[in-house]
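**Q** Under full-length UniProt numbering, the sequence shown is numbered contiguously, ending at residue 415.
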Amino acid sequence: MKLQAVAAGIPWPSASPFTSSAKRPCMVAASTSSKAAAFPMLRDDHPPPPTSVAIKERWREYQGDNNWEGLLDPLDSGLRSEILRYGEFARAAYTCFDFDPSSPTYATCRFPKGSFLPCAGLPDTGYRVTRHLTATSGNAPWLPFSPRTAWIGYVAVCDDADEIDRLGRRDIVVAFRGTATVLEWAENLRATLTHLGPVAPRAAEPMVESGFWSLFTSGHRSLRDQVRCEVRRLLDKYSRGPAPPVSLTITGHSLGAALAVLTAYDVTTALEDEGPSTTTVVSFGGPRVGNASFRRGLEEAGTKVLRIVNTDDIIPKVPPAGFVAEKEQGAAEAVETEEEESGAGWRLPNWLASKTGWAYADLGRELRLSSGRRTGNVVACHDLGLYLNLVDQLSSGGAGGCPLCPSLANAIRTN
Numbered sequence: 001m002k003l004q005a006v007a008a009g010i011p012w013p014s015a016s017p018f019t020s021s022a023k024r025p026c027m028v029a030a031s032t033s034s035k036a037a038a039f040p041m042l043r044d045d046h047p048p049p050p051t052s053v054a055i056k057e058r059w060r061e062y063q064g065d066n067n068w069e070g071l072l073d074p075l076d077s078g079l080r081s082e083i084l085r086y087g088e089f090a091r092a093a094y095t096c097f098d099f100d101p102s103s104p105t106y107a108t109c110r111f112p113k114g115s116f117l118p119c120a121g122l123p124d125t126g127y128r129v130t131r132h133l134t135a136t137s138g139n140a141p142w143l144p145f146s147p148r149t150a151w152i153g154y155v156a157v158c159d160d161a162d163e164i165d166r167l168g169r170r171d172i173v174v175a176f177r178g179t180a181t182v183l184e185w186a187e188n189l190r191a192t193l194t195h196l197g198p199v200a201p202r203a204a205e206p207m208v209e210s211g212f213w214s215l216f217t218s219g220h221r222s223l224r225d226q227v228r229c230e231v232r233r234l235l236d237k238y239s240r241g242p243a244p245p246v247s248l249t250i251t252g253h254s255l256g257a258a259l260a261v262l263t264a265y266d267v268t269t270a271l272e273d274e275g276p277s278t279t280t281v282v283s284f285g286g287p288r289v290g291n292a293s294f295r296r297g298l299e300e301a302g303t304k305v306l307r308i309v310n311t312d313d314i315i316p317k318v319p320p321a322g323f324v325a326e327k328e329q330g331a332a333e334a335v336e337t338e339e340e341e342s343g344a345g346w347r348l349p350n351w352l353a354s355k356t357g358w359a360y361a362d363l364g365r366e367l368r369l370s371s372g373r374r375t376g377n378v379v380a381c382h383d384l385g386l387y388l389n390l391v392d393q394l395s396s397g398g399a400g401g402c403p404l405c406p407s408l409a410n411a412i413r414t415n
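As structure tokens, this is what we get:
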């Protein structure tokens with residue numbers, strides 16, 4: 001996506017939230033190969049190291065313990081660093097994916113677990129990848145030219161003593177890439193809501209987008225089963241005795257953002273009292289996922305969701321406002337959409353949504369950015385690199401930290 005962003009005149013993020021003074025041999029080797037164009041997320045440049053301030057006294061705040069109150073406007077510098085850090089984990093899921101349809105390893109991960117993060121350009125995170133994740137499409141199995149199962153992300157755990165001390169806890173990360181294969185695009189188009197299990201359909205039941213649910217639950221060893229099994233294993237291993245608290249942070253971009261929300265819901269529902277100290281979603285450019293009952297389930301389980309969105313990006317606005325229920329009265333987590341601000345949005349009345357359950361609901365807290373560019377280039381506005389660049393340019397000092405935006409009020413909106 002770097003190539004697409006550069007072609008559109010969009011600057012690539014100048015800094016990585018990870019400190020490293022080493023070169024990236026895996027990255028250089030990949031970028032100089034004949035297939036370099038197949039991996040648009042690769043970068044040869046080495047970003048300057050950021051400050052690595054200890055956050056152990058405030059980590060629960062940064063994980064959303066108080067719904068990020070007082071941290072978003074202006075954007076707290078520590079939270080900004082954390083958003084960028086998890087954004088790099090999401091970007092690694094793109095970097096390590098084989099995008100080349102002519103390659104015999106198409107739709108797989110190009111690197112083994114042991115060298116995954118160094119080869120993704122993240123050598124000094126203090127995290128270790130423990131499992132690769134795959135997703136299977138339950139849609140259009142007759143399509144012969146697209147693999148039904150594709151690598152889609154990974155699970156990693158912080159096992160470096162210094163980083164654990166800096167963070168104030170041991171952190172488990174689940175990271176997902178966005179849409180890459182034909183079948184995944186086909187799943188994205190299945191915008192009807194479906195129930196989460198074989199239950200009698202009732203309006204009060206949680207419902208989610210059919211295509212996302214298909215990718216999450218299809219296959220002999222579904223993505224849901226893979227994540228649930230690995231998170232449970234890591235919790236069993238690291239939660240015993242006088243150990244530091246364990247957090248679960250799930251991140252992703254686009255389709256990956258939707259899968260991150262589904263993962264958070266499933267883990268908190270399945271593990272209940274055996275779950276991590278906190279479960280947090282940090283998503284980038286994610287579409288709407290489920291109905292109001294699904295949102296309530298997330299909130300009641302204590303899951304915190306921070307959605308980073310670009311107002312010039314169409315993906316966070318789909319399905320469009322006509323398929324979204326009115327806000328519930330007094331709902332603390334509801335967010336105002338750009339469609340409503342412009343007066344162009346129409347929402348399904350609550351009485352009809354409550355009768356059917358067939359309406360999407362916005363969820364979580366929203367950090368709303370703007371590149372200040374109205375363009376028809378959907379890919380450029382949705383690019384993860386642009387998202388991280390916009391966050392990178394925000395500072396707690398005011399509008400001067402975001403030169404692409406006319407003012408801080410335009411650069412950041414919170415509910």
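Heads up, the beta-carbon is just placed ideally off N, CA and C, and yes, glycines get one too.
Of all the alpha helix (DSSP H) runs that stay within the bounds of the stretch 252-292, which reach a length of 4 or more residues?
**A** List check, alpha helix (DSSP H) in window: 255-271.
**Q** Within 8 Å, do at least three Cβ pairs link the stretch 273-284 to the stretch 215-229?
**A** Because the criterion of three Cβ pairs below 8 Å is not met, the stretch 215-229 and the stretch 273-284 do not touch.
**Q** Beta carbon of Asn310, beta carbon of Ala359: below 8 Å?
**A** It is not a contact, given that the beta carbons lie outside the stated cut-off.
**Q** So Leu130 and Leu234 are in contact, right, with Cβ under 8 Å, and what is the actual spacing, rounded?
**A** Reading the sequence as shown, one finds Thr at residue 130 and not Leu. Sure, about 7 Å apart at Cβ, within 8 Å.
**Q** Give me the Cβ distance between Arg128 and Ala54, rounded to the nearest whole Å; I'm assuming they're in contact under 8 Å.
**A** Not quite, the Cβ-Cβ distance comes to about 21 Å (not below 8 Å), so this is no contact.
**Q** Residue range of the beta strand (DSSP E) that Glu366 falls in?
**A** Run containing Glu366: 365-369, per the beta strand (DSSP E) assignment.
**Q** Using the Cα positions of Ile164 and Asp171, report the straight-line distance between them to the nearest angstrom.
**A** So the alpha carbons of these two residues sit roughly 8 Å apart.
**Q** Where does Tyr238 sit, in a helix, a strand or coil, going by DSSP?
**A** Residue state, collapsed to three classes: helix.
**Q** Among Ser214, Asp236, His220, Thr279, which has the Cα closest to the Cα of Val289?
**A** Ranking the options by Cα distance to Val289, first place goes to Ser214.
**Q** Select from Gly364, Ser293, Arg368, Arg296 the residue whose C-alpha is nearest the C-alpha of Asp312.
**A** For Asp312, the nearest C-alpha among the options comes from Arg368.
**Q** Can you tell me which of the three DSSP states Phe97 falls into?
**A** Strand, per DSSP.
**Q** Please report the residue range of the alpha helix (DSSP H) in which His382 lies.
**A** Start and end: 378-382.
**Q** Report, in whole angstroms, the separation of the C-beta atoms of Ile83 and Ile308, which I expect to be a contact under 8 Å.
**A** Confirmed, Cβ separation roughly 7 Å.
**Q** Between the C-alpha atoms of Pro123 and Leu117, what's the straight-line distance to the nearest angstrom?
**A** Taking the straight line joining both Cα atoms gives about 6 Å.
**Q** Hey, quick one: how far does the beta strand (DSSP E) through Ile172 stretch, first residue to last?
**A** 170-176 is the extent of the beta strand (DSSP E) around Ile172.
**Q** Over what stretch of residues does the beta strand (DSSP E) that includes Ala135 continue unbroken?
**A** Run containing Ala135: 127-136, per the beta strand (DSSP E) assignment.
**Q** Please confirm whether Ser210 and Thr192 have their CB atoms less than 8 Å apart.
**A** Cβ distance < 8 Å, so Ser210 and Thr192 count as in contact.
**Q** Looking at the structure shown, is Ile250 part of a helix, part of a strand, or coil, going by DSSP?
**A** Correct three-state label for Ile250: strand.
**Q** Does the distance from the CB of Asp100 to the CB of Thr278 come in under 8 Å?
**A** It is not a contact, given that the beta carbons lie outside the stated cut-off.
**Q** Specify the secondary structure class of Thr108 as computed by DSSP and reduced to three states.
**A** Of the three classes helix, strand and coil, the one that applies to Thr108 here is coil, per DSSP.
**Q** Considering Tyr62, what are the terminal residues of the alpha helix (DSSP H) in which it resides?
**A** 59-62 is the span of the alpha helix (DSSP H), which, as asked, contains Tyr62.
**Q** Is the Cβ-Cβ distance between Gly78 and Arg60 less than 8 Å?
**A** No, the pair does not count as a contact, with Cβ atoms beyond the cut-off.
**Q** Taking DSSP's pairing of strands, which residues face Ser156 in a bridge?
**A** It is Ala, not Ser, that sits at residue 156 in the sequence shown. Val129, Val173, per the DSSP bridge assignment.
**Q** Identify every residue that forms a DSSP beta bridge with Thr194.
**A** Partner(s): Val208.
**Q** Using the rule of at least 16 other Cβ atoms within 10 Å of the residue's Cβ for burial, across every protein chain shown, is Ala107 buried or exposed?
**A** The residue in question, Ala107, is buried, as its Cβ has 16 or more Cβ neighbours within 10 Å.
**Q** Going by the DSSP bridge assignment, what does Leu306 pair with across the sheet?
**A** Note: Leu306 sits in a beta bridge opposite Val282, Arg365.
**Q** Output the distance between the C-alpha atoms of Gly178 and Leu71, rounded to the nearest integer angstrom.
**A** Cα to Cα, the separation comes out at about 27 Å.
**Q** Helix or strand or just coil, what does DSSP make of Trp68?
**A** It is coil, neither helix nor strand.
**Q** Starting from the Cα of Lys113, find the closest Cα among Thr105, Arg91, Asp73, Tyr154 and give me that residue.
**A** Checking every option, the nearest Cα to that of Lys113 belongs to Tyr154.
**Q** Bridge partners of Ala150, per DSSP?
**A** Paired residues: Ala135.
**Q** Can you tell me which residues form a DSSP beta bridge with Leu75?
**A** The partner list for Leu75 (beta bridge, DSSP) reads Leu72.
**Q** Give the range of the alpha helix (DSSP H) segment to which Pro118 is assigned.
**A** Pro118 -> alpha helix (DSSP H) spans 116-119.
**Q** In this structure, how does DSSP classify Ala54 when only helix, strand and coil are distinguished?
**A** Reduced to three states, the DSSP call for Ala54 is coil.
**Q** Would Leu386 pass as a contact of His253 if the rule is Cβ separation under 8 Å?
**A** No, these two residues do not count as a Cβ contact at 8 Å.
**Q** For Gly9 and Asn389, what's the separation of their Cα atoms in angstroms?
**A** Below a pLDDT of 50, predicted positions are generally treated as unreliable, and Gly9, at 34, falls in that range; no measurement from the model is reported.
**Q** Please name the residue, chosen from Val261, Ala175, Tyr238, Pro242, that lies closest to Val208 on a Cα-to-Cα basis.
**A** With distances taken between Cα atoms, Val208 lies closest to Val261.
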